[in-house]
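Trainee: In the UniProt record's numbering, the protein residues as written are 1 to 723.
Glycine included, each C-beta is placed from N, C-alpha and C at the ideal position.
Computed from a prediction, not measured in an experiment: that's the story for all the values here.
Have a look at the structure that comes next, please.
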């Protein structure tokens, strides 16, 4: 028996004769872990003592195992440290692997092909026989030999996509497009440039290009035009303001750049639009060319704007033909506007002998003519703006005269708030016939697309406002009046208005704060609050405040700057003061900016009520396109009426937006037509421009009808895809 075990037994007051018996029978720790409790009771009668002994033995036996494991680990670690590690070689101690390419006698090079296309060299792509070729050559290889290798690669059998090898002049350029002497070697170039991979360009120029340039110089008229073009380009590049302005307009975005650069090919792709070159001497004599369709560059406030006039229509439009432009609108927007008008009136855009009598140069590219016109406008802006005949031309009594200004804007759905506000920053947008289209969506705006844009704008804009049922805007100063113009123009043109904007806020904008009475202010404030605080304020106004309401009211008053509750007899006055601050005072700057653009509208409350859609009101708007319906059509119509009547407010707004593009009532009726689509093609179709809902009449039951309509309306991925 171990000494520590004997001390444990003595400490637990086990009888000495029992201890002696265990010593005689050689009962040690190892044996105690093997015998049963019944056998151990023969030596230790007390049960608690037996448990203590067993636990003690387990701990003592576990500790040596742990120590043995630690010893083995220590031995392994020590053995690893004792092992001799080989000394690192000189090359392995280097930070980077030594470059052995410089010791080789051969080096890799790249060869490309540059072909001269007036007025500069352009790289020939792989699909046209060019591309980049990788070869390995000796260091002593000369540039002349590289040229011969390149000719074999790009001119197999002496021919290429550009023509025969005999028709070209050849040169070799480096990566900087500098000509390399033929006697230079690859090794010397690598040593000079210190490049990892050297690139050569085989430059080709057609031999006939020299002859054509001499013929152009012999033509005096073309020579004068080219001299004028050169001078104008120098004037543009020498003026940093004009250059920066032009660069800014062109680089506004991919869409705007595309819309501007499309003009370069307009003379080749469209027979309705002709691009004309004019000079200062021709501007004076403009009667002969005033009937022709022209693309004019005007410079106003150092910003380049573009005006396009379709034949016969735009030249009688004062807004489209005047020299003055709005500097706040980008050139690409105005260009799209003019082009869209030309597309909308094709019957009046046909070319006539009188309309094409202006002098043009068909042999010169459209982009050059545009640059010349821009340079002329910058050199003599007073000529292009002060000559009535050059900008408008005489009005033909036989042609219709339009006095309405058109403006077309492209809106990105994901950036609808930013794009709409950028359009409505122009204070003259209220007086313009505005057409909008959604980028990457197929639709033509006949009111439906505009309604969708206004609705999408208010939906995203109101998410950034304060409030719950009714919301109060908090805006940047430069956006306040723009939002007011959106409110006014949407209501005037299409009847679209955001009913979630606080009614008290709108009344104050239109008629001043004195027109907002206490009842309207309290109602707007209650709708402004979240549900929990709204319920607490309602009970406080009724004098039925509970204990739980005091905490909610205290939080509300703390948000408004008060850290204690007023007495109950003064509670209503305190709530009115708080409502006045939240609805009117904090939004005072926004309200003042709104007031400058909003007209006096009477009966605002009646206007709000007439715009809010409900199930019963929308059912009253439904009207079928056919006077007599079949049995299936009548059944589906009853499904539709039942579905609309029993829908909640959110679903009714989505259904109305699906049909009209607006979530408020802005049409007199919604037409319902029927089709016989089945299977995967069966779905409701909304035509927002005509406020028409196309419904399949193949539903077998109302649950089937309701399920499909719910799947469509609950989706947040509405997209225009019907032209």
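Just mark residue 700 as buried or exposed, buried being the case when its beta carbon has 16 or more other beta carbons within 10 Å.
Mentor: exposed
Trainee: How is residue 608 classed by DSSP in three states: helix, strand or coil?
Mentor: When secondary structure is reduced to three states using DSSP, residue 608 falls in the helix class.
Trainee: Mapping DSSP to helix, strand and coil, what is residue 74?
Mentor: helix
Trainee: Residues in its own chain within less than 7 Å of residue 709 by CB, not counting five upstream and five downstream?
Mentor: 643 and 684
Trainee: Is there a Cβ of chain B sitting closer than 9 Å to that of residue 76, yes or no?
Mentor: This model lacks chain B altogether, as it is built from one protein chain only.
Trainee: Which value, in whole angstroms, describes the spacing of the CA atoms of residue 561 and residue 614?
Mentor: 38 Å
Trainee: Residues in its own chain within less than 8 Å of residue 612 by CB, not counting five upstream and five downstream?
Mentor: Same-chain partners within the cutoff: 499, 664 and 665.
Trainee: To the nearest angstrom, how far is the alpha carbon of residue 109 from that of residue 208?
Mentor: 31 Å
Trainee: Pick out the complete alpha helix (DSSP H) segments inside the stretch 402–436, 4 residues or longer, and give them in chain order.
Mentor: Whole alpha helix (DSSP H) segments, 4+ residues: 416–424.
Trainee: Express the C-alpha separation of residue 113 and residue 132 in angstroms, rounding to a whole number.
Mentor: 8 Å
Trainee: What are the partner residues of residue 694, as DSSP defines its beta bridges?
Mentor: 673 and 685
Trainee: Quick check on residue 43: does DSSP put it in helix, strand or coil?
Mentor: coil
Trainee: Following the continuous beta strand (DSSP E) through residue 116, name the residue where it begins and the one where it ends.
Mentor: Residues 106–117.
Trainee: CA-CA distance, residue 5 and residue 29?
Mentor: 8 Å
Trainee: Hey, how far is the Cα of residue 32 from the Cα of residue 13?
Mentor: Cα to Cα, the separation comes out at about 18 Å.
Trainee: Does the contact criterion of 3 or more C-beta pairs under 8 Å hold for the stretch 520–528 versus the stretch 566–579?
Mentor: yes
Trainee: Span of the beta strand (DSSP E) holding residue 653?
Mentor: That residue, residue 653, is in no beta strand (DSSP E); its alpha helix (DSSP H) goes 649–660.
Trainee: Looking at the unbroken beta strand (DSSP E) that takes in residue 155, where does it start and where does it end?
Mentor: Looking at the DSSP string, residue 155 is not in any beta strand (DSSP E), and its letter there is neither H nor E.
Trainee: Using 10 angstroms around the beta-carbon of residue 485, count the other beta-carbons present and answer buried if the total reaches 16, otherwise exposed.
Mentor: Around the beta carbon of residue 485, 16 or more other beta carbons sit within 10 angstroms, so the residue counts as buried.
Trainee: Is it buried or exposed for residue 461, if we count other Cβ within 10 angstroms and need 16 for buried?
Mentor: So residue 461 ends up on the buried side.
Trainee: Leaving out five residues on either side along the sequence, give the residues of the same chain with a beta carbon under 6 Å from the beta carbon of residue 590.
Mentor: 473, 475 and 480
Trainee: Please list the terminal residues of the continuous beta strand (DSSP E) segment that includes residue 201.
Mentor: Residues 198–206.
Trainee: Taking residue 538 as part of the alpha helix (DSSP H), name the residues at either end of that continuous run.
Mentor: Where residue 538 is concerned, the enclosing alpha helix (DSSP H) starts and stops at 531–542.
Trainee: From which residue to which residue does the beta strand (DSSP E) around residue 121 run?
Mentor: 120–123
Trainee: Quick one, are the C-beta atoms of residue 106 and residue 137 less than 9 Å apart?
Mentor: Between residue 106 and residue 137, the C-beta gap is smaller than 9 Å, which places the two residues in contact.
Trainee: Looking at residue 621 and residue 667, is the spacing between their C-beta atoms short of 9 Å?
Mentor: yes
Trainee: How is residue 563 classed by DSSP in three states: helix, strand or coil?
Mentor: coil
Trainee: When you compare each of 68, 467, 619 and 409 to residue 439 by their alpha carbons, which one comes out closest?
Mentor: 409
Trainee: Which stretch, first to last residue, makes up the beta strand (DSSP E) that contains residue 624?
Mentor: 622–624
Trainee: For residue 171, list the residues DSSP reports as bridge partners.
Mentor: Bridge partners of residue 171: 203.
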